[in-house]
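Residue numbers (the working numbering), protein chains in the order written: chain A, 1 to 395; chain B, 396 to 842. Don't be surprised by glycine CBs; every beta carbon is placed ideally from N, CA and C. Just so you know, these numbers come straight off a predicted model, no measurement behind them.
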Amino acid sequence: MADKKGTGLDGPVPFLYPKHAMERSLHITSIARFARYLVTRGLFIGFSIVVGVFLTVVIANMGGYVDAIKKAEIEERISMAVYQNPANQHLTSEELRSLIEAKVAQEIKRLGLDKPFIRFDSLAGFIKSRAFLYLVNALSMSLGRAEHLYSSSGSKRVWLIIGERLPYSVLLFTSASLLVFFSSLVIALILSRRHGSVWDKMSVSLAPLSTAPSWFYGIILIIIFASTLRILPFGGLVDVPPPENRLMYMASVLKHMVLPLLGWFISGIFLGVYSWRTFFLIYSSEDYVEMARAKGIPGRALERRYILRPTLPTIITSFALMLISAWMGAIITETVFNWPGLGTLYMRAIRQFDTPVIVGLTVIYAYLLGITVFVLDIVYAIVDPRIRVSGGKGE
Amino acid sequence: MRTFLLTFQELMRYKSALVGLLILSFLVGIAIYAVVTIPYGEAVQLWRGTGEKWRVNPRNASPVWVDYFTPKKLARTLILDSGQAQRTEEMLGTVARRIEFIYIFDYNADVFPSELAITYKTNFQKKPPLVEVIWITPDGREFSLGRETLKQVGLRTQWHMLSVDEKLRRAIGGAPEKIFFMDPEQPERPVKGKHKIIIKAILFEPDAEISPQVIVYGTVHGMAGTDHLRRDIMVALLWGAPVALSFGLAASFGTVITSIIFAAISAWFGGMVDTLLQRLTEIRMVLPTLPILIMVGLFYSKSIWAILATLLVLNIIESSVKTYRAMFLQEKNAPYIEAARSYGAGSIRIIFRYLIPRVVPWLIPSFVLAVPSYVFLEASLSVLGLGDPVLPTWGKLLSDAYSQGALYRGYYYWVLEPAFLLMLSGFGFTLIGYTLDRIFNPKLREI
């Protein structure tokens, strides 16, 4: 089996086999080397964020095509206004047209649409293009105003729009992910102790259930609990009208959370248990574990010191990445359950060509991910003394 | 070939793989049947729902087999042609004729029909015929459906949807499919027995002909039921199989192959190339996959192949490349590679003839395991309204069912049928994938 080398992470894979695990290598010999490693890692991660956000800016503007849409909108709006203005009645059609043209040009200039969206002919040209401006704004987290979407208080500020939905996504998906993560870890550990038992075999044969995404189970659960049994709501955040009492309100939200949570849980738990179980089993058949067992180290201590300890980096990684992805919500699950989180916001923003919101959501995610990866690099170096630090170079 | 046979033999030793293979052959069977019996163009045409093809189907009808599980007898659609009617003809003066059709049918379902319609096929030149319809219920109530002059519609059939005729509704005080069929004593139950429909037509041209047809729409239809546009869901269930299989296999194969080539190049050349590719995988991590697919779907093209192409581009730099790269790094220094180098093989030759074939066995499980995730991806995009605009797929069925409120209105068959097939294909591929993983991964085999 090929042993995976490298100090970085393997992306948002929920789970890594030992072939991806760290190689035994040099100790951290000096602080300077460690610092240099951190700086290079930081630079690389920063670079990834910049490029990733830039690509999103370009895609979300359809490579500049959104400009054409915006210009057409401006032209329509202004000509309507000019034609309907009674003060302009005495003007000839020639004069009207030139008036409209002048106003359109002014509006386009005001919005900065006269500058090219993107150009690569020279560095100066690129810096002056709007794509670069958008990139700088996004990276400095000045997310600006939305094109069409509003927050519930009526504001167009992207920060407010995102901010008012973030808690709902975090509430639902953090609790869902935590539930899946810890239950699969605990069940897997128990199963790996009783490897070969009926329960263990059952967990293996149930693993294919996890191929279906959570929205799929969501729909089935809606049929069972909402349509047929009528004991849980179809979707939404809270009853209509919302209960006045704070406690009742929370109870209502919890009631609405049950089905999406359950859908997420069913779609995650089986694969989670199967993968962690296999992972622990592979680790528990390592030579040093056999050796320790032969020496007569009791089961629990063996598990703690010889199986959990070396697998800790993997567990931490998948935990952190799972939390990050939970912060982004889940577009389809939220859509199916009509949950007012970031996933449905993403969907609405894309549908309405609301680029500031799309870019805002992406850049927040990129930063969260970048910071997590960076922190994980540090944590790795601390929890895993075998980690090889070679100035950030892969091999 | 020999390795393939050996693998196959090994695979057959596992019960789970056997089940998986059975499921897969069932799906492949459906796919072949679909493509053979309903050619691509016809499937697209049918699903677009234009033409007269679907008009005689009931709307939102359950599958026929639902009838066996319900205590009530559900209604099947009755289509009464003029051939089944008693026809009497008499001359009125020199040219005009009166033709009378009497339709008699037995209604014995425990539920009301879903809709009623009468169609007329005529071939008059200038003077349109006049028709008058009288409906006599089993308990002897008599309703006049009024007189109407058929409009000039060429040779096409003229439809009179009784159920949406506002004038008629007002005249008889409710929906005709309820009023005609209910028991006046117990309005919520349909009365059983013989209905009689008299259609009198007066034709004003010597060559003119008319053939009326009475349609009593039922509440069940076919093996799969129908949707809100009266389309037979079976078409999409059948055609969903080839689409899902080909999309899943193509996407899985494409992504695995492209990322393995990238990984091989990255590992073999090392240095700058390697660093560049490593950075690319990190950039890829920042890019949100689903939103990008949604944007491509909305902004550029909803075609399933455009989505596939985007997936391939995104996956070239997927983080799995790192895993493959690690395998290649080990292989790179193997003696047989050195041997190849010593006989003067070039980089391209070594990569494609020696490095890649060597790791293929490792890839087969992940290739098989990735298929269902792409099948479900297609369904996911469809649920968001980004399904392929012309192809009938399982995801489109789910999406239609969801947007038409099938969950609220109790049309569960509409959701459960495609869901069952999706789940089945998911199971088939994963069962085989896990078994292959055990075969090719000796470390797992011991477990």
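Residue i versus residue j: straight-line alpha-carbon distance, rounded
i, j, result
"A/Tyr380", "B/Ser661", "25 Å"
"A/Ile222", "A/Phe234", "6 Å"
"A/Gly370", "B/Val681", "8 Å"
"A/Phe54", "A/Ala176", "32 Å"
"B/Asn728", "A/Phe34", "30 Å"
"A/Arg97", "A/Lys109", "18 Å"
"A/Met80", "A/Phe216", "46 Å"
"A/Gly391", "A/Gly42", "Per-residue confidence for A/Gly391 stands at a pLDDT of 39, beneath the threshold of 50, marking its modelled position as unreliable; no derived number is given."
"A/Tyr367", "A/Leu323", "14 Å"
"B/Pro686", "A/Ile316", "27 Å"
"B/Gly741", "B/Gly665", "15 Å"
"A/Arg193", "A/Leu312", "18 Å"
"B/Val459", "B/Ala504", "13 Å"
"B/Phe599", "B/Leu441", "38 Å"
"B/Pro637", "B/Phe771", "14 Å"
"B/Glu484", "B/Leu819", "58 Å"
"B/Arg753", "B/Val716", "16 Å"
"B/Met556", "B/Pro453", "12 Å"
"A/Phe126", "A/Ile31", "40 Å"
Sub-7 Å separation of residue i and residue j beta-carbons
i, j, result
"B/Phe642", "B/Glu773", "yes"
"A/Arg246", "A/Ala188", "no"
"B/Leu707", "B/Thr653", "yes"
"A/Thr333", "A/Ser214", "yes"
"B/Ser798", "B/Gly782", "no"
"B/Pro813", "B/Leu792", "yes"
"B/Leu688", "B/Pro760", "no"
"B/Leu469", "B/Asp462", "yes"
"A/Ser142", "B/Leu802", "no"
"A/Thr174", "A/Thr362", "no"
"B/Ile513", "B/Pro579", "no"
"A/Ile358", "A/Ala131", "no"
"A/Gly52", "B/Ile712", "no"
"B/Val515", "B/Ile605", "For the record, residue 515 of chain B in the displayed sequence is Tyr; it is not Val. Closer than 7 Å, so yes."
"B/Ile531", "B/Lys591", "yes"
Proximity to residue i [Cα-Cα], best of the options
i, options, result
"A/Arg348", "A/Phe120, A/Ile331, A/Ile364 and A/Phe337", "A/Ile331"
"B/Arg720", "B/Ala659, B/Pro582 and B/Ala765", "B/Ala659"
"B/Val526", "B/Gln520, B/Ser539 and B/Thr532", "B/Ser539"
"A/Ile274", "A/Ile231, A/Ala72, A/Asn61 and A/Leu206", "For the sequence presented, residue 274 of chain A should be read as Tyr rather than Ile. Measuring from the Cα of A/Tyr274, the nearest candidate turns out to be A/Leu206."
"B/Pro466", "B/Ala631, B/Val506, B/Gly613 and B/Gly800", "B/Val506"
"B/Phe519", "B/Trp530, B/Ser509, B/Arg492 and B/Thr650", "B/Arg492"
"A/Glu75", "A/Val51, A/Thr92, A/Glu101 and A/Asn61", "A/Glu101"
"B/Ile751", "B/Phe657, B/Arg736 and B/Tyr612", "B/Phe657"
"A/Asp67", "A/Gly52, A/Glu147 and A/Ala212", "A/Glu147"
"A/Val375", "A/Leu38, A/Val198 and A/Leu254", "A/Leu38"
Where the beta strand (DSSP E) through residue i begins and ends
i, result
"B/Met667", "No beta strand (DSSP E) contains B/Met667, which is instead part of the alpha helix (DSSP H) from Gly666 to Val681."
"B/Asp501", "Arg492 to Tyr502"
"B/Gln608", "Ile605 to Tyr612"
"B/Thr517", "Glu510 to Thr517"
"B/Leu475", "Leu473 to Leu475"
Boundaries (first-last residue) of the alpha helix (DSSP H) holding residue i
i, result
"B/Phe815", "Tyr807 to Phe835"
"A/Ser151", "Careful: A/Ser151 lies outside any alpha helix (DSSP H) and carries neither H nor E."
"B/Val770", "Ile751 to Val778"
"A/Ser205", "Val198 to Leu206"
"B/Val528", "From DSSP, B/Val528 is part of no alpha helix (DSSP H) but of the beta strand (DSSP E) over Leu525 to Ile531."
"B/Phe481", "According to the sequence shown, residue 481 of chain B is Gln rather than Phe. Element bounds for B/Gln481: not the alpha helix (DSSP H) but the beta strand (DSSP E), Gln481 to Met486."
"A/Leu55", "Ile31 to Ala60"
"A/Ser98", "Ser93 to Arg110"
"B/Trp789", "Trp789 to Ser798"
"B/Ile702", "Ile699 to Ile711"
"A/Val66", "Tyr65 to Gln84"
"A/His256", "Arg246 to Ser284"
"B/Asn455", "From DSSP, B/Asn455 is part of no alpha helix (DSSP H); its letter is neither H nor E."
"A/Asn137", "Arg130 to Leu139"
Residue i beta carbon near the ligand FAD (any heavy atom closer than 6 Å)
i, result
"A/Phe234", "This structure lacks the ligand FAD, and indeed carries no ligand of any kind."
Mind listing, in chain order, the continuous beta strand (DSSP E) runs of no fewer than 3 residues lying wholly within the stretch 545–587 of chain B?
553–556
Contiguous alpha helix (DSSP H) assignments of at least 4 residues, all confined to the stretch 153–182 of chain A:
158–169
Could you pull out every unbroken alpha helix (DSSP H) segment of at least 4 residues lying fully inside the stretch 414–448 of chain B, listed in chain order?
435–443
In the stretch 29–54 of chain A, which residues sit with their C-beta less than 8 Å from some C-beta in chain C, listed in chain order?
Among the chains of the structure shown, chain C does not appear; the protein chains present are A and B.
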